[in-house]
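Chains as they are written, first to last, in our numbering: chain D, 1 to 310; chain S, 1 to 93.
Don't be surprised by glycine CBs; every beta carbon is placed ideally from N, CA and C.
These notes concern the structure reproduced below.
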């Protein structure tokens, strides 16, 4: 059993058990900064863990990050692990990380869809959805990023349980989604939500379920522009950016639209590497480059939120 | 364990709205068991489509007949998965 983050192989993909063990190690290594909280249970009763980065103080404004909502997008939890470790290591060293954590808490759900993730390791590497059963259908699972109460049921999702974008029987039907909804609503001071996906090289913001621009469109657009520019500085990886509906497609019931409609002004969805080469099967040699190039963009957004309280 | 021997992922460039519509219709044919890795959205946006081995011929003919250009993004999905497994094993050792 690995007992130190310094011997953990960040350049490899890991199973759910390995990731959950690593979380404990991170907490052990940074006890005054990092803790692990459980926000619920998955459909198959796996714990839904969130890493909490906090330097203390009650009821601080907070940042929510999540990776792995679509199970087969392995690069996202792998990037999440690297990023969480980076946050822990840079506190007290990097002025931006230090400033953020001196005023705000960060909540990071590394494996947002653990049933799906475990299934990709044991049965079907290319599984995307949750693993809940659907009454009246032999098809399993709901797309957890079409299950949120934001334009739920519209044309940008599917009503067919066999579809990869099946929205589910009702909004927040998936325990994995409901747990986050309850957590963010209960917290009341989440100011930024970033949900990380792969692999179209995009930085998206609301809306996905309607074509009308959000009132904060210009600010979000400017921030996205800066973030993707800083991301490209490292390896020249080109990202597009904009509202979800204008940039990629109409998508109903997504997490960032829900976040925005529930008072989180800064809501972004990342689509990490790569374009047109490996898709969901991005080789593990690209984990560190992907995470490394994404870091400045994440930091840009977090610093902006710190400097623009609301 | 589900195997993907001979499955390919096609990188498709739709050049107009008609192509987008055709690709959507293609995707609705359940017997082909297609999986869009990137959905058809608008002309100019690439579409990535995982095609099971038994459906490959039908899909490629469909694309060619309709003048929709494509390239093969992943020749054999299972080969890539085997490689991934090997890398993970090695890393664990």
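Under 9 Å Cβ-Cβ, which residues of chain S neighbour residue i?
i                      : result
residue 242 of chain D : In chain order: nothing, as chain S lies at least about 13 Å away.
Let me check understanding here. Comparing Cα to Cα, which of the options lies closest to residue i?
i                      : options                    : result
residue 135 of chain D : D:147, D:160, D:304        : D:160
residue 34 of chain S  : D:163, D:181, D:21         : D:163
residue 286 of chain D : D:297, D:272, D:23, D:254  : D:272
residue 25 of chain D  : D:289, D:188, D:51         : D:51
residue 64 of chain D  : D:90, D:42, D:89, D:100    : D:100
residue 82 of chain D  : D:303, D:294, D:302        : D:294
residue 105 of chain D : D:145, D:143, D:57, D:48   : D:57
residue 194 of chain D : D:84, D:95, D:256          : D:256
residue 61 of chain S  : S:4, S:1, S:17, S:23       : S:23
residue 177 of chain D : D:88, D:308, D:130         : D:130
residue 332 of chain D : D:268, D:22, D:95, D:183   : Within the shown structure, residues of chain D are numbered from 1 to 310, placing residue 332 of chain D beyond reach of any answer.
residue 274 of chain D : S:4, S:41, S:48            : S:48
residue 345 of chain D : D:95, D:140, D:22, D:308   : Because residue 345 of chain D is not part of the residues shown, which for chain D are 1 to 310, the question remains open.
residue 66 of chain S  : S:1, S:26, S:3, S:2        : S:26
residue 297 of chain D : D:261, D:306, D:309, D:223 : D:223
In whole angstroms, what separates the C-alpha of residue i from that of residue j?
i                      : j                      : result
residue 81 of chain S  : residue 74 of chain D  : 12 Å
residue 92 of chain D  : residue 196 of chain D : 26 Å
residue 154 of chain D : residue 252 of chain D : 6 Å
residue 181 of chain D : residue 254 of chain D : 12 Å
residue 238 of chain D : residue 232 of chain D : 6 Å
residue 186 of chain D : residue 172 of chain D : 15 Å
residue 39 of chain S  : residue 192 of chain D : 28 Å
residue 175 of chain D : residue 15 of chain S  : 40 Å
residue 258 of chain D : residue 46 of chain D  : 24 Å
residue 44 of chain D  : residue 122 of chain D : 14 Å
residue 76 of chain S  : residue 30 of chain S  : 21 Å
residue 108 of chain S : residue 11 of chain S  : Any property of residue 108 of chain S remains undetermined from this structure, which presents chain S solely from 1 to 93.
residue 265 of chain D : residue 30 of chain D  : 30 Å
residue 302 of chain D : residue 17 of chain D  : 29 Å
residue 72 of chain D  : residue 7 of chain S   : 17 Å
residue 229 of chain D : residue 299 of chain D : 13 Å
residue 55 of chain D  : residue 90 of chain D  : 13 Å
residue 91 of chain S  : residue 102 of chain D : 36 Å
residue 74 of chain S  : residue 60 of chain D  : 47 Å
residue 165 of chain D : residue 34 of chain D  : 35 Å
residue 333 of chain D : residue 38 of chain D  : Nothing can be reported for residue 333 of chain D: it is not among the residues displayed for chain D, which extend from 1 to 310.
residue 246 of chain D : residue 276 of chain D : 21 Å
residue 2 of chain D   : residue 85 of chain S  : Residue placement at residue 2 of chain D cannot be trusted, given a pLDDT of 49 that sits under 50; the coordinates are not used to answer.
Interface residues of chain D around residue i at Cβ under 7 Å?
i                     : result
residue 1 of chain S  : 123
residue 46 of chain S : 276
residue 9 of chain S  : 279
List the residues of chain D that residue i touches, going by C-beta distances under 9 Å, in chain order.
i                     : result
residue 21 of chain S : Neighbours of residue 21 of chain S on chain D: none; closest Cβ ~14 Å, over 9 Å.
residue 74 of chain S : 277, 278, 279, 281
residue 91 of chain S : 9, 11, 12, 13, 14, 284
Could you check how far apart the C-beta atoms of residue i and residue j are, in whole angstroms? I think they sit under 8 Å.
i                      : j                      : result
residue 235 of chain D : residue 289 of chain D : 6 Å
residue 156 of chain D : residue 113 of chain D : Their Cβ separation, rounded to whole angstroms, is 20 Å, which puts residue 156 of chain D and residue 113 of chain D out of contact at 8 Å.
residue 206 of chain D : residue 243 of chain D : 7 Å
residue 40 of chain D  : residue 179 of chain D : 3 Å
residue 203 of chain D : residue 170 of chain D : Residue 203 of chain D to residue 170 of chain D, Cβ: 30 Å. No contact.
residue 19 of chain D  : residue 97 of chain D  : Not really, about 22 Å apart at Cβ, beyond 8 Å.
residue 167 of chain D : residue 143 of chain D : 7 Å
residue 280 of chain D : residue 198 of chain D : 7 Å
residue 87 of chain D  : residue 53 of chain D  : 6 Å
residue 59 of chain S  : residue 32 of chain S  : 7 Å
residue 20 of chain S  : residue 42 of chain S  : 7 Å
Give the interface partners of residue i over in chain S, defined as CB-CB distance under 8 Å, in chain order.
i                      : result
residue 253 of chain D : Neighbours of residue 253 of chain D on chain S: none; closest Cβ ~15 Å, over 8 Å.
residue 164 of chain D : 35, 36
Cβ closer than 7 Å: which chain S residues qualify as neighbours of residue i?
i                      : result
residue 249 of chain D : 39, 41
residue 200 of chain D : 38
residue 284 of chain D : 87
Identify the contact partners of residue i in chain D, using a Cβ-Cβ distance below 8 Å as the criterion.
i                     : result
residue 80 of chain S : 278, 281
residue 15 of chain S : Result: empty, since nearest Cβ-Cβ is about 16 Å, beyond 8 Å.
residue 84 of chain S : 13, 125, 281, 283, 284
Quick check: is any heavy atom of the ligand ATP less than 8 Å from the C-beta of residue i?
i                     : result
residue 49 of chain D : This structure lacks the ligand ATP, and indeed carries no ligand of any kind.
Subject >> Interface positions of the stretch 5 to 18 of chain D facing chain S (Cβ-Cβ less than 9 Å), listed along the chain >> reply: Those residues of the stretch 5 to 18 of chain D that come within reach of chain S (Cβ to Cβ, closer than 9 Å) are 9, 11, 12, 13, 14, 15, 18.
Subject >> Cβ-based contacts, 9 Å cut-off: residues of the stretch 126 to 143 of chain D near chain S >> reply: 126, 127, 128
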